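Enquirer: Here it is: the structure, laid out below.
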Amino acid sequence: MVPQISPHDLERWRNPDWRIRLAAWWEGYDLARLPRVSDRAALRNSADRRPLRPLEAIGTASTSPSPAASPLTAPSSAVPSDAAAGTIDPELDRLSLMQLDRHGEPVWSPSRSEGAQLLWGRDMTGPEEAAWMVDSVRSFGLNPAKSVLDLSAGLGGTARALAETCDTWVTGLEPSPLLAKLAMDRSKALGLSRKAPVAHYDPEHFNQAGSFDLVMADRIVHRLRDKELFLDRAGDCVKPKGGMVLFDYVIDGAPGSWDAWNGWREEEPMEVYPWTATRMADELTQRNLDLRISEDLTQLHRRHIIDRVRKLADTLTASVPPAPVLASLKRELALWWARLRVLGNGLRFVRYVAMKPA
Numbered sequence: 001m002v003p004q005i006s007p008h009d010l011e012r013w014r015n016p017d018w019r020i021r022l023a024a025w026w027e028g029y030d031l032a033r034l035p036r037v038s039d040r041a042a043l044r045n046s047a048d049r050r051p052l053r054p055l056e057a058i059g060t061a062s063t064s065p066s067p068a069a070s071p072l073t074a075p076s077s078a079v080p081s082d083a084a085a086g087t088i089d090p091e092l093d094r095l096s097l098m099q100l101d102r103h104g105e106p107v108w109s110p111s112r113s114e115g116a117q118l119l120w121g122r123d124m125t126g127p128e129e130a131a132w133m134v135d136s137v138r139s140f141g142l143n144p145a146k147s148v149l150d151l152s153a154g155l156g157g158t159a160r161a162l163a164e165t166c167d168t169w170v171t172g173l174e175p176s177p178l179l180a181k182l183a184m185d186r187s188k189a190l191g192l193s194r195k196a197p198v199a200h201y202d203p204e205h206f207n208q209a210g211s212f213d214l215v216m217a218d219r220i221v222h223r224l225r226d227k228e229l230f231l232d233r234a235g236d237c238v239k240p241k242g243g244m245v246l247f248d249y250v251i252d253g254a255p256g257s258w259d260a261w262n263g264w265r266e267e268e269p270m271e272v273y274p275w276t277a278t279r280m281a282d283e284l285t286q287r288n289l290d291l292r293i294s295e296d297l298t299q300l301h302r303r304h305i306i307d308r309v310r311k312l313a314d315t316l317t318a319s320v321p322p323a324p325v326l327a328s329l330k331r332e333l334a335l336w337w338a339r340l341r342v343l344g345n346g347l348r349f350v351r352y353v354a355m356k357p358a
């Protein structure tokens with residue numbers, strides 16, 4: 001069933017460019033069922049004469065967006081760039097190939113890192129903004145005498161924000177060799193190579209990385225087979241009277257839709273092994289940690305995702321990214337759409353705050 005559209009929105013969708021197709025795809029509008037463009041509109045849009053592929057309405061549909069339904073087909077005149085022309089940094093290419101997904105493709109590539117930043121913001125690879133992450137740990141009273149270990153550094157956006165806002169020392173560790181390299185290059189460029197360094201690590205074989213006043217990780221634990229070892233090592237890194245903050249996905253009862261649940265797991269680049277919320281809480285307390293907060297942030301997380309996607313068309317208005325970045329952005333949107341379909345329907349996003357006794 002096609003969603004009802006107001007006259008204003010109907011006019012907006014009559015003559016869509018690729019940015020409008022992106023917004024329609026996300027909002028669930030089926031452009032194929034709208035009246036064809038007028039002759040005048042056809043002349044106005046003659047710069048791109050390729051026919052539009054019909055888009056399937058999503059919203060409450062039970063299937064995730066298919067490749068044929070992608071709104072991210074840029075005009076051919078917008079493709080030229082170093083990446084599109086085939087200029088590849090051999091070192092970045094090598095690092096990309098060090099971490100492959102279940103289909104043998106790089107989990108992260110330079111183009112995906114660019115696409116992720118178009119969606120989430122500069123130096124970010126997820127929906128929680130750096131400023132929001134800083135606010136979420138203000139209760140720890142970070143200052144120049146304290147130190148932080150970020151076990152999900154990504155491109156280093158949160159680590160650098162903590163270092164600059166709280167004037168504290170942050171050590172970033174990142175599972176992706178490529179993201180770790182890009183993050184460290186960025187820290188060096190900003191003069192933060194000592195205060196916010198980022199290095200690669202394997203969370204499945206995590207060794208003790210020092211003693212810190214705060215250890216934090218965003219969406220790491222649910223990806224790991226050996227969660228117990230990871231939590232052991234993370235707990236060992238917390239100083240007495242220090243704390244640990246985990247943001248992660250946990251199981252919440254039976255899935256609202258097994259099709260959506262299996263679609264989410266299949267869309268994830270790597271296998272996922274989420275615990276229940278109770279199991280996560282119990283495992284933290286078993287490690288001599290005083291669990292202070294177990295907060296369900298599912299609805300806030302959903303809002304963060306949706307708000308950023310709705311802003312994407314505005315972000316892309318200034319210039320059209322090269323084709324490889326658009327393709328990676330399409331993949332990123334499909335992944336987060338699959339996550340959205342299970343968030344609140346069998347999966348929750350929870351913040352855990354635990355303290356280590358003196």
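Residue numbers (full-length UniProt numbering): 1 to 358. Each residue gets a CB set at the ideal place from its N, CA and C atoms; glycine is no exception. If you're wondering where the values come from, they're calculated on a predicted model, not measured in any experiment.
Over what stretch of residues does the alpha helix (DSSP H) that includes I251 continue unbroken?
Expert: Careful: I251 lies outside any alpha helix (DSSP H), inside the beta strand (DSSP E) at 238-251.
Enquirer: Per DSSP, what kind of secondary structure is Y92 in: helix, strand or coil?
Expert: It should be pointed out that residue 92 corresponds to Leu in this sequence rather than to Tyr. In the structure shown, L92 sits in a helix (DSSP, three-state: H, G or I).
Enquirer: Is it buried or exposed for S76, if we count other Cβ within 10 angstroms and need 16 for buried?
Expert: Below a pLDDT of 50, predicted positions are generally treated as unreliable, and S76, at 35, falls in that range; the measurement from the model is reported next regardless. Its Cβ having fewer than 16 others within 10 Å, S76 is exposed.
Enquirer: Please report the straight-line C-alpha distance between A277 and F247, rounded to a whole angstrom.
Expert: Approximately 11 Å, taken between the alpha carbons.
Enquirer: I need the straight-line Cα distance from H222 to R102, nearest angstrom please.
Expert: So the alpha carbons of these two residues sit roughly 16 Å apart.
Enquirer: Would you report the Cα separation of R40 and T315, rounded to the nearest angstrom?
Expert: With a pLDDT of 37 at R40, under the threshold of 50, the modelled position of that residue is not reliable, and the figure given next carries that caveat. Approximately 28 Å, taken between the alpha carbons.
Enquirer: Does the beta-carbon of R348 have 16 or more other beta-carbons within 10 angstroms, so that it is buried, or is it exposed?
Expert: R348 is buried by the Cβ-count criterion.
Enquirer: Within the continuous alpha helix (DSSP H) that includes A338, where are the two ends?
Expert: First-last of the alpha helix (DSSP H) with A338: 323-342.
Enquirer: Kindly indicate which residue of P177, N345, E105 has the alpha-carbon position closest to the one of A254.
Expert: Checking every option, the nearest Cα to that of A254 belongs to N345.
Enquirer: Excluding the 5 residues flanking D202 on each side, which residues of the same chain have their C-beta closer than 8 Å to its C-beta?
Expert: Excluding residues within five positions, the ones whose Cβ falls inside 8 Å are P175.
Enquirer: Which class does G199 belong to by DSSP, given the choice of helix, strand or coil?
Expert: Sequence inspection shows Ala at residue 199; the Gly mentioned does not correspond to that position. The answer is strand: DSSP assigns A199 an E or B state.
Enquirer: Measure the C-alpha to C-alpha separation of R303 and L340 and round it to an integer number of angstroms.
Expert: Between R303 and L340, the C-alpha separation is close to 10 Å.
Enquirer: How many Å lie between W108 and Q286 at the Cα?
Expert: Approximately 34 Å, taken between the alpha carbons.
Enquirer: When you compare only the Cα positions, how much space is there between I306 and L333?
Expert: Cα to Cα, the separation comes out at about 11 Å.
Enquirer: As a quick exercise: from S96, P110, L119, pick the residue whose alpha carbon is nearest that of R310.
Expert: It is L119.
Enquirer: Let me confirm a value: T60 is counted as buried when at least 16 other C-beta atoms fall within 10 Å, else exposed. Which label applies?
Expert: Caution applies to T60, whose pLDDT of 34 falls short of 50 and renders its modelled position unreliable; the model cannot decide the point.
Enquirer: In chain order, what residues of the same chain have a beta carbon less than 6 Å from the beta carbon of M184, not counting five sequence neighbours either side?
Expert: So the qualifying residues of the chain are V198.
Enquirer: Considering only their Cβ atoms, is the gap separating V148 from A130 smaller than 9 Å?
Expert: Not a contact, by the Cβ cut-off of 9 Å.
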